[in-house]
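Colleague:
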Amino acid sequence: MKILLVEDDEKLSDYITNGLKEAGHVVDCSTDGKDGLFLATTEQYDAIILDRMLPSLDGLTILKTLRGAKNHVPVMVLSALGAVDDRVSGLRAGSDDYLIKPFSFSELLARVEALHRRGSVENGHQETTLTAGPIEIDLLKRKVSSNGEPITLQTREFNLLEYLMKHKGQIVTRTMLLEHVWDYHFDPQSKVIDVHISRLRKKIGDTSASIIKTIRGAGYIIDDR
Amino acid sequence: MTGKRSYYSSSSFKMAALFTILLGASALLLGSYLYDFSRQIFIQETEAAIDIEIEHILVSFENKSQDELLNYIKKRSEKYSNPVYYYQDRLDKRLAGNIKKLPTTVTPISEGIIQFSLEVSGKPKKFGAKIHTFDDGSRLLIGRDINNIIQRYERLQFFSILILLFMMSVVLVSFFISMFVVSRINIIGQTAQNIMATGDLSERISIDSNWDDLSNLAQSLNAMLARIEELMIGIRDVSDNIAHDLRTPLARLRTQLESALKKPLTEEEIDGLLKETDELLGTFNALLRISQIEKGSQKFEFKQTSLKTILADVIELYDPLAEEKAIIIKHKLRELPTIPTYGHLIFQMIANIIDNALKYSPKESTVLIELAVDDDYQLIRVTDQGIGIKSEEHDKVFDRFYRSDKSRHTEGNGLGLSLVKAALALHKGEITFKDNNPGLVVEIRLKS
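For the record, the sequence lines run as chains A and B.
Start counting the first sequence at 1; every next residue gets the next number (the working numbering).
Start counting the second sequence at 226; every next residue gets the next number (the working numbering).
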């Protein structure tokens, strides 16, 4: 993956760049809004990581300019905590995901990789049924079955499973789950998400954790390959 | 040296000096004017009256015999006791008048006017008089009673002296006030200087009275110093705590990495290491978050939120965890009007409190979560049956990394309640702890 990072904090920029390079990606960096926009428009990237607050040109303006020019490269916006509710404005301006500082690198990596895959999937048609191993969910009827046997799930459990299934083959972090399934930006102090997952596993008959797998130090993945 | 200025170069002294000079000068001017003015006016009046009388006599008797003048004087003398007359020929023989004898002691008041005392109906009275010498050598004394005038004049003099005295006392008092102010200010300045020079925040401004504004100011400054000292100690404690709390896991990481050089790590060991680093990162993230919230440098966009919704969401999130520990979460949530909050933070705050309640509660106990109204506040109350917090620790638990003895061995980074406090400060809310015997009652009040 070729990634553009526009971040004015040099330490953070170095940290992200090194991490992405170690994960096998090609990274271009820019510490300035104008240079960032220049690179984004002249080069081809698979994903862009964009800080909101930048010298000379702020992140959202860059984003709007890119989208205005029909550039649909997946963009991840980095922002400070207080601006979380700006997520709406960020998403409206055309960002694909939003990450709050401070974040752990594994979180950023999982999200950026998810962005890229989503970008390549979204060109196809929207699926109404998702499957993983014996599990099948019908998004229209909001029904779940295992080997054809119906399973009753509560709304939140269904949403949890749906989110994991939609991101099949991708690591989903606990923070991502909290954000998308519970809709709160929040640092869980204890293993509160893990309990929800183990409950879900029990309900779908995944006692050996072979459908919803735990990825150490990162999160969860549904991967039936 | 700017802290201590000499008394004479201080602005208070300069002001006092200026004040003194102006006031003294005006007092002197006023006093001398009153003194002079009254004396002249009073004497002038008397003199004018006598002059008119003399003039009258001179004009009326210009071409008349001495006997006619004598008659006139006799008549006047019989009729009035004021003015007084004494007429003598050039051989000093008394011819007429209502005084029997010339007064023996006379004092000149001003040019041509004399003053003397006379017994009038048993009382001594003061008279002012002029003596006119006729061409034939005979002399006529005409005097007027100036007793009232002198009394009034003396009273005026008395008052002018009194005014002078008052003004002088004002001058003195202002001088002492300026002395006092300057010395107080010097003490404050000196203390500030010392603190800057030594960096010793435990020094205080000495206060020996409490009635004046400067002592009040000194008290406020001392309170401020105490607060700053407290904050500084807090910061020092935090950095000490960070160092202490993070050294142990880092050292453990290092040993395990060292041993990994000799033999490869098992998956379980790697898992443990990852968990440990995650915890370290989580601690740093939490620290950063708390300081972000405390600094308030970012704009937190407050939106109308329903506490009931947030509470229900937190309960829903934590219910499975409680179930795992066989703890029952009960709730009584009232439908209340929305209030402006930063919802994510309120969620995190309540999650931290419920997290604690679950962590420190025994199996098969109950945690009760309530939302109610308390005066102008919306009240969130979380009641558990856990280990509780000792009342002397109620303030300390908000300090970063503070772990009470009872909680030291449970998981957690000692930052949960620090975040709660920061979030509440941002929302101008309050938190109080009460004892549930056994257990803890946490009450959070948010302004509705």
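Think of the CB as a built atom: it goes at the ideal place given N, C-alpha and C, for glycine as much as any other residue.
How should B/Leu-596 be labelled, buried or exposed, when 16 other C-beta atoms within 10 angstroms of its C-beta is the threshold for buried?
Modeller: Against the second sequence, residue 596 of chain B aligns to sequence position 371. With 16 or more other Cβ atoms within 10 Å, it is buried.
Colleague: Report yes or no: do three or more beta-carbon pairs, one from the stretch 43-60 of chain A and one from the stretch 5-25 of chain A, lie closer than 8 Å?
Modeller: Segments in contact, yes.
Colleague: Starting from B/Arg-319, trace the beta strand (DSSP E) both ways and give me its first and last residue.
Modeller: Indexing the second sequence from 1 puts residue 319 of chain B at position 94. Taken as a continuous stretch (DSSP letters only), the beta strand (DSSP E) holding B/Arg-319 covers 319-322.
Colleague: Which chain B residues sit within Cβ distance under 9 Å of A/His-180?
Modeller: Against the first sequence, residue 180 of chain A aligns to sequence position 180. The contacting residues do not exist; A/His-180 stays about 14 Å from chain B at best.
Colleague: So the candidates are A/Pro-188, A/Thr-65, A/Trp-182, A/Leu-160; which of them puts its Cα closest to the Cα of A/Ile-222?
Modeller: If you number the first sequence from 1, residue 222 of chain A lands on position 222. Here the closest residue by C-alpha is A/Leu-160.
Colleague: For chain A, find out if any of its Cβ atoms is closer than 8 Å to the Cβ of B/Glu-541; answer yes or no.
Modeller: Counting from 1 along the second sequence, the entry for residue 541 of chain B is found at position 316. Cβ-Cβ to chain A under 8 Å: yes for B/Glu-541.
Colleague: Any idea what DSSP makes of B/Asp-276, helix, strand or coil?
Modeller: Residue numbering aside, residue 276 of chain B sits at position 51 when the second sequence is read from its first letter. Residue state, collapsed to three classes: helix.
Colleague: Taking only beta-carbon atoms, is A/Gly-19 less than 8 Å away from chain B?
Modeller: In the first sequence, residue 19 of chain A corresponds to position 19, counting from 1. Output row for A/Gly-19: interface = no.
Colleague: For the stretch 642-656 of chain B, which residues have a beta carbon sitting closer than 7 Å to at least one beta carbon of chain A?
Modeller: The stretch 642-656 of chain B vs chain A, Cβ under 7 Å: nothing.
Colleague: Could you spell out the range, first to last residue, of the alpha helix (DSSP H) harbouring B/Leu-295?
Modeller: Here residue 295 of chain B corresponds to residue number 70 of the second sequence, with the count starting at 1. Start and end: 291-304.
Colleague: In its own chain, which residues sit with a C-beta less than 8 Å from the C-beta of A/Arg-67, not counting the 5 before and 5 after it?
Modeller: Taking the first sequence and counting its residues from 1, one reaches residue 67 of chain A at position 67. Cβ neighbours of A/Arg-67 beyond the five flanking positions: Ala-93, Gly-94.
Colleague: Could you tell me whether the stretch 587-594 of chain B touches the stretch 607-626 of chain B, using the rule of 3 or more Cβ pairs below 8 Å?
Modeller: Segments in contact, yes.
Colleague: Spell out whether any CB of chain B is found under 8 Å from the CB atom of A/Gly-217.
Modeller: By 1-based counting over the first sequence, the position of residue 217 of chain A is 217. Interface residue, yes.
Colleague: For a cutoff of 8 Å on Cβ pairs, would you count A/Val-195 as touching chain B?
Modeller: On the first sequence, residue 195 of chain A is found 195 positions in, with the first residue counted as 1. Taking Cβ atoms only, chain B reaches closer than 8 Å to A/Val-195, which makes this a yes.
Colleague: Sort B/Lys-631, B/Arg-633, B/Leu-642, B/Ile-605 by Cα distance to B/Val-622 and report the nearest one.
Modeller: Translated into the one-based positions of the second sequence, residue 622 of chain B becomes position 397. Cα-wise, what sits closest to B/Val-622 is B/Leu-642.
Colleague: For the stretch 380-395 of chain B against the stretch 285-299 of chain B, are there 3 or more C-beta pairs whose distance is under 8 Å?
Modeller: no
Colleague: Using 8 Å as the limit for Cβ to Cβ distance, is B/His-556 near chain A?
Modeller: Residue numbering aside, residue 556 of chain B sits at position 331 when the second sequence is read from its first letter. No, its Cβ sits nowhere closer than 8 Å to a Cβ of chain A.
Colleague: Quick check on this structure: which residue in B/Leu-366, B/Leu-259, B/Asp-317, B/Pro-333 has the alpha carbon closest to the alpha carbon of B/Leu-387?
Modeller: Along the second sequence, one-based indexing puts residue 387 of chain B at 162. The shortest C-alpha separation from B/Leu-387 is found at B/Leu-259.
Colleague: Taking the alpha carbon of A/Thr-31 as the reference point, which residue from A/Arg-199, A/Gly-133, A/Ala-40, A/Ile-171 has its own alpha carbon closest?
Modeller: Locating residue 31 of chain A in the first sequence gives position 31, where the first residue counts as 1. Ranking A/Arg-199, A/Gly-133, A/Ala-40, A/Ile-171 by Cα distance to A/Thr-31 puts A/Ala-40 first.
Colleague: Between B/Pro-663, B/Leu-649, B/Leu-665, which lies nearest to B/Asp-672 when the distance is taken from Cα to Cα?
Modeller: On the second sequence, position 447 is the one that residue 672 of chain B refers to. For the record, residue 672 of chain B in the displayed sequence is Lys; it is not Asp. It is B/Leu-649 whose Cα lies nearest to the Cα of B/Lys-672.
Colleague: Give a yes or no on whether 8 Å exceeds the smallest Cβ distance from B/Gln-444 to chain A.
Modeller: Reading the second sequence from its first residue, position 219 is the one you call residue 444 of chain B. It does not: the Cβ of B/Gln-444 has no partner Cβ on chain A nearer than 8 Å.
Colleague: From the DSSP output, in three-state form, read off B/Asp-599 for me.
Modeller: Against the second sequence, residue 599 of chain B aligns to sequence position 374. If DSSP states are grouped into helix, strand and coil, B/Asp-599 belongs with the strands.
Colleague: Between B/Glu-428, B/Ile-413, B/Ser-531, which lies nearest to B/Leu-442 when the distance is taken from Cα to Cα?
Modeller: For this step, residue 442 of chain B is matched to residue 217 along the second sequence. For B/Leu-442, the nearest C-alpha among the options comes from B/Ile-413.
Colleague: Over what stretch of residues does the alpha helix (DSSP H) that includes A/Ile-197 continue unbroken?
Modeller: As a first step, residue 197 of chain A is located in the first sequence; it is residue number 197 there, counting from the start. Unbroken alpha helix (DSSP H) run through A/Ile-197: 192-203.
Colleague: In angstroms, rounded to a whole number, what distance separates the CA positions of B/Arg-429 and B/Arg-625?
Modeller: Locating residue 429 of chain B in the second sequence gives position 204, where the first residue counts as 1. Locating residue 625 of chain B in the second sequence gives position 400, where the first residue counts as 1. Roughly 28 Å between the two C-alpha positions.
Colleague: For B/Pro-545 versus A/His-180, is the C-beta spacing smaller than 8 Å?
Modeller: Looking up residue 545 of chain B in the second sequence gives position 320. Looking up residue 180 of chain A in the first sequence gives position 180. No, the Cβ-Cβ distance between B/Pro-545 and A/His-180 is not below 8 Å.
Colleague: Can you pull the DSSP bridge partners for B/Thr-566?
Modeller: Taking the first residue of the second sequence as position 1, residue 566 of chain B is located at position 341. According to DSSP, B/Thr-566 bridges with B/Lys-528.
Colleague: Could you give the first and the last residue of the continuous alpha helix (DSSP H) run that contains B/Leu-512?
Modeller: Walking along the second sequence from the start, residue 512 of chain B turns up at place 287. Looking at the DSSP string, the run of the alpha helix (DSSP H) that includes B/Leu-512 is 492-520.
Colleague: Check whether chain A comes within 8 Å of B/Glu-549, counting only Cβ atoms and requiring the distance to be less than that.
Modeller: The residue you call residue 549 of chain B lines up with position 324 of the second sequence. For B/Glu-549, the nearest CB of chain A lies under 8 Å from its own CB, placing it at the interface with that chain.
Colleague: Which residue from B/Ser-516, B/Asp-438, B/His-569, B/Lys-355 puts its Cα closest to that of B/Val-539?
Modeller: Here residue 539 of chain B corresponds to residue number 314 of the second sequence, with the count starting at 1. Checked all of B/Ser-516, B/Asp-438, B/His-569, B/Lys-355; the closest Cα to B/Val-539 is B/His-569.
Colleague: Below 8 Å, can you find three or more Cβ-Cβ pairs linking the stretch 10-20 of chain A to the stretch 99-108 of chain A?
Modeller: yes
Colleague: So B/Gly-322 packs on B/Ser-346, CB below 8 Å; how close in whole Å?
Modeller: Taking the first residue of the second sequence as position 1, residue 322 of chain B is located at position 97. Taking the first residue of the second sequence as position 1, residue 346 of chain B is located at position 121. 17 Å between Cβ atoms; not a contact.
Colleague: Where does A/Leu-241 sit, in a helix, a strand or coil, going by DSSP?
Modeller: The question about residue 241 of chain A has no answer here: the residues shown for chain A are numbered 1 through 225.
Colleague: Output the residue ranges of the beta strand (DSSP E) runs that lie fully inside the stretch 89-177 of chain A and measure 3 residues or longer, sorted by chain position.
Modeller: Listed in chain order, the complete beta strand (DSSP E) runs (minimum 3 residues) inside the stretch 89-177 of chain A are 97-101, 129-132, 135-138, 143-146, 149-151.
Colleague: Could you round the C-beta distance between A/Met-165 and A/Ile-137 to whole angstroms and report it? I think they count as a contact, below 8 Å.
Modeller: Residue mapping note: residue 165 of chain A aligns to position 165 of the first sequence, counting from 1. Residue mapping note: residue 137 of chain A aligns to position 137 of the first sequence, counting from 1. 6 Å between Cβ atoms; contact.
Colleague: Please state the DSSP three-state secondary structure of B/Asp-609.
Modeller: Start at 1 with the first residue of the second sequence, and residue 609 of chain B comes out as number 384. Coil.
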